[in-house]
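Visitor:
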């Protein structure tokens, strides 16, 4: 559509690799969740697609960045459709019952990768550091929020009182810190992704809680 | 706003006619649904407007295409407001009770028309065929999804196990096929719209189901 | 991002002041609602941010207007985060129980201010008057709709049968009327904001209702 400089849709190799892995990780978390909800095959494709591409698309709309990842690399949409249909028939044939636990691992991976790449891509668009981090948080959380809305449950990111968005926030600041101290782009991406993903897994394992209202005070006023 | 070539907001006569009929069809389906839910007159206007313009607006935001149909042709917004207010008082005066069945016909019409025109408009923006078809599916389904969310029910497109999005998908490929084999734009639009709409009506009549998990296995794991 | 004329992200002083006050008012309404729902501290930040910036961001995406208010004035995002965290610990320390009533006042203020500024900013983008008013309504209502969706309740704007969106509509037309009769921009903003906010407070006090279906007829057909 030619209205932006040439460098501006271009992702570095590291960013592109992360976008692909994060997309597949979130697609997988969407597939597991859709399977748990017994959606039909169309629903599996829709949930996998929204989870995988939702966050990056919101980021690109807000940054006015085109073309979208999934428009430029349409092959990955085919991969996703094949995955969704294949996963459904595979799970059905083998009587597999996906568990919530099986969804949490790819979800944590996607969280860290998208938080890091979303923050870095926003920094390249010359927005202030805080805004870049907020964009990273949106990239990392919006796909999962769409997944939960379509599966008709309150978005886990807002309701489970376990740290989620705040870890993407921390990962985003790790990217900013590494870049501000002269680290390479690749080092910044790695620092952000490892910070957010490993904190998420740790939080799930240790059952960390976000400070909240006292539970003995739980009726609305 | 002058940043895109002149040809790029322009719709052909056939596309414009389809956009108008599809908009009115979806507005009607929104009115029936809002009436079934006993929304107030403001709610009827909002639901009719979201259903009618939601899909096309999402398509245009994703394609970075301006001006929107409803911005350029503001007269149709007046028509919609008049329809919503008129429909409410007409139905109230005549003690009409709209049925779910009455909503399904205009909904099927809007589905086919928007799938066809959304796909063709995206093709003109030079995106790959699969992406154009996905854009057509979004154009055709997003308005109805917004309608269902505002009316506080799980989007029918994701939950009723009857083919819906997949028929828009089929209609989109019909557009691609006719254009790839040298058919005119009008023939492509007609092929896509007839494919999706008539399959939808057939699916409702014959009670076709989308392949899904076994019903004897319906508790979450 | 330099693709639009210089005047086009620029707000007049009056518009900027209104954007700030309206943002804080909606942030406050989001905080009260999040506190009533006993969200955790991350949820409070998210709800306050969505309520405060949601409407203006939707308006700017639809008008293809950049940079967003919160990208250009990132300091206010810091203010918001500080407010959210501070409000939570303050309310917790003082055992305050926020009431629904406490949310309605800042909500009414934000409604009027955003309806007026949203309409005026859209008029400056040379859209037809009706479209500008609709943009004002979206600016004024979308933040509250997001707040209610995230807090897992049906958007009050669509369900409480008390006038809300229709008052933003009236405020928008007040802006159009003052500008059409040669009033200054500041007078138009004041007229629109006072119209919508004071009507909302009056409507709440007098318990006005929007015309709706008869209540004795409330089952779906």
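Residue numbers (the working numbering), protein chains in the order written: chain W, -12 to 208; chain S, -12 to 208; chain R, -12 to 208.
Ideal Cβ placement from N, Cα and C applies to all residues, glycine included.
All values derive from a computational prediction rather than experimental measurement.
Taking the alpha helix (DSSP H) that residue 71 of chain W belongs to, which residues open and close that run?
Guide: Per DSSP, the unbroken alpha helix (DSSP H) holding residue 71 of chain W starts and ends at 62 to 80.
Visitor: Out of R:37, R:52, R:49, R:154, point me to the one whose CA is closest to residue 186 of chain R's CA.
Guide: Ranking the options by Cα distance to residue 186 of chain R, first place goes to R:154.
Visitor: Using a Cβ-Cβ cut-off of 8 angstroms, state whether residue 131 of chain S counts as contacting chain R.
Guide: no
Visitor: Output needed in chain order: residues of the segment 84 to 99 of chain S with a Cβ under 7 angstroms from some Cβ in chain W.
Guide: none
Visitor: Let me check understanding here. Comparing Cα to Cα, which of S:163, S:60, S:82, S:140 lies closest to residue 111 of chain S?
Guide: Nearest C-alpha to residue 111 of chain S among S:163, S:60, S:82, S:140: S:163.
Visitor: Relative to the C-alpha of residue 139 of chain R, which residue among R:66, R:182, R:30 is closest?
Guide: R:30
Visitor: When the Cα atoms are used, what is the spatial distance from residue 103 of chain R to residue 23 of chain W?
Guide: 46 angstroms
Visitor: By alpha-carbon positions, which one of R:95, R:159, R:101 ends up nearest to residue 87 of chain R?
Guide: R:95
Visitor: How big is the Cα-Cα spacing for residue 57 of chain W and residue 174 of chain R?
Guide: 47 angstroms
Visitor: Assign residue 195 of chain R to one of three DSSP states: helix, strand, or coil.
Guide: Of the three classes helix, strand and coil, the one that applies to residue 195 of chain R here is coil, per DSSP.
Visitor: Could you give the C-beta distance for residue 62 of chain R and residue 181 of chain R, rounded to a whole number, given that I count them as a contact under 8 angstroms?
Guide: The pair is not a contact, with the Cβ atoms about 28 angstroms apart (cut-off 8 angstroms).
Visitor: Considering only the beta carbon of each residue, do residue 15 of chain R and residue 142 of chain R sit closer than 8 angstroms?
Guide: no
Visitor: Can you name the residues of chain R whose CB is closer than 8 angstroms to the CB of residue 118 of chain W?
Guide: 57, 58, 61, 64
Visitor: Mind listing which residues of the segment 19 to 31 of chain W have their C-beta closer than 8 angstroms to chain S's C-betas, in chain order?
Guide: 22, 23, 24, 25, 26, 27, 28, 29, 30
Visitor: Return yes when the Cβ of residue 158 of chain R is within less than 8 angstroms of the Cβ of residue 119 of chain R, no when it is not.
Guide: no
Visitor: Is it buried or exposed for residue 101 of chain W, if we count other Cβ within 10 angstroms and need 16 for buried?
Guide: Around the C-beta of residue 101 of chain W, 16 or more other C-beta atoms lie within 10 Å, and the residue is accordingly described as buried.
Visitor: Please state whether the Cβ-Cβ distance between residue 42 of chain W and residue 126 of chain W is less than 8 angstroms.
Guide: yes
Visitor: Check the C-beta distance from residue 54 of chain S over to residue 27 of chain W and give it rounded, since I have them as a contact under 8 angstroms.
Guide: Their Cβ separation, rounded to whole angstroms, is 37 angstroms, which puts residue 54 of chain S and residue 27 of chain W out of contact at 8 angstroms.
Visitor: Taking residue 32 of chain S as part of the alpha helix (DSSP H), name the residues at either end of that continuous run.
Guide: That run of the alpha helix (DSSP H) goes 28 to 49.
Visitor: Is it right to say residue 83 of chain W is buried, meaning 16 or more other beta carbons lie within 10 angstroms of its own, or is it exposed?
Guide: exposed
Visitor: On the CB-based measure, 16 or more other CB atoms within 10 Å of its CB, does residue 0 of chain W come out buried or exposed?
Guide: exposed
Visitor: Given this structure, state the Cα-to-Cα distance separating residue 11 of chain S from residue 179 of chain W, to the nearest angstrom.
Guide: 48 angstroms
Visitor: Kindly list the residues whose CB is nearer than 6 angstroms to the CB of residue 97 of chain S, restricted to its own chain and excluding five residues on each side of it in sequence; keep chain order.
Guide: 9, 12, 13
Visitor: Pick helix, strand or coil for residue 109 of chain W, following the three-state DSSP scheme.
Guide: helix
Visitor: Would you report the Cα separation of residue 64 of chain R and residue 167 of chain R, rounded to the nearest angstrom?
Guide: 35 angstroms
Visitor: Check whether chain W comes within 8 angstroms of residue 53 of chain R, counting only Cβ atoms and requiring the distance to be less than that.
Guide: Taking 8 angstroms as the threshold, the shortest C-beta distance from residue 53 of chain R to chain W falls below it.
Visitor: Along the chain, which unbroken stretches of the alpha helix (DSSP H) at least 4 residues long are found entirely within the segment 127 to 193 of chain S?
Guide: The qualifying runs are 143 to 146, 152 to 167, 172 to 193.
Visitor: What distance in whole Å lies between the Cβ atoms of residue 145 of chain S and residue 33 of chain W, which are believed to be in contact at a cut-off of 8 angstroms?
Guide: 6 angstroms
Visitor: Would you mind telling me which residues of chain S sit closer than 8 angstroms to residue 165 of chain W, beta carbon to beta carbon, in chain order?
Guide: Result: empty, since nearest Cβ-Cβ is about 32 angstroms, beyond 8 angstroms.
Visitor: With a Cβ-Cβ cutoff of 8 angstroms, do residue 36 of chain R and residue 70 of chain R count as a contact?
Guide: No. Outside cutoff.
Visitor: What number of angstroms, rounded off, separates the C-alpha of residue 40 of chain W from the C-alpha of residue 130 of chain W?
Guide: 7 angstroms
Visitor: Would you kindly report the start and end of the unbroken alpha helix (DSSP H) that includes residue 212 of chain R?
Guide: Since the first residue shown for chain R is -12 and the last is 208, residue 212 of chain R is missing from the structure and cannot be characterised.
Visitor: If residue 149 of chain S sits next to residue 91 of chain S, beta carbons under 8 angstroms apart, how far is it from one beta carbon to the other, in whole angstroms?
Guide: Incorrect: roughly 10 angstroms between the Cβ atoms, too far for contact.
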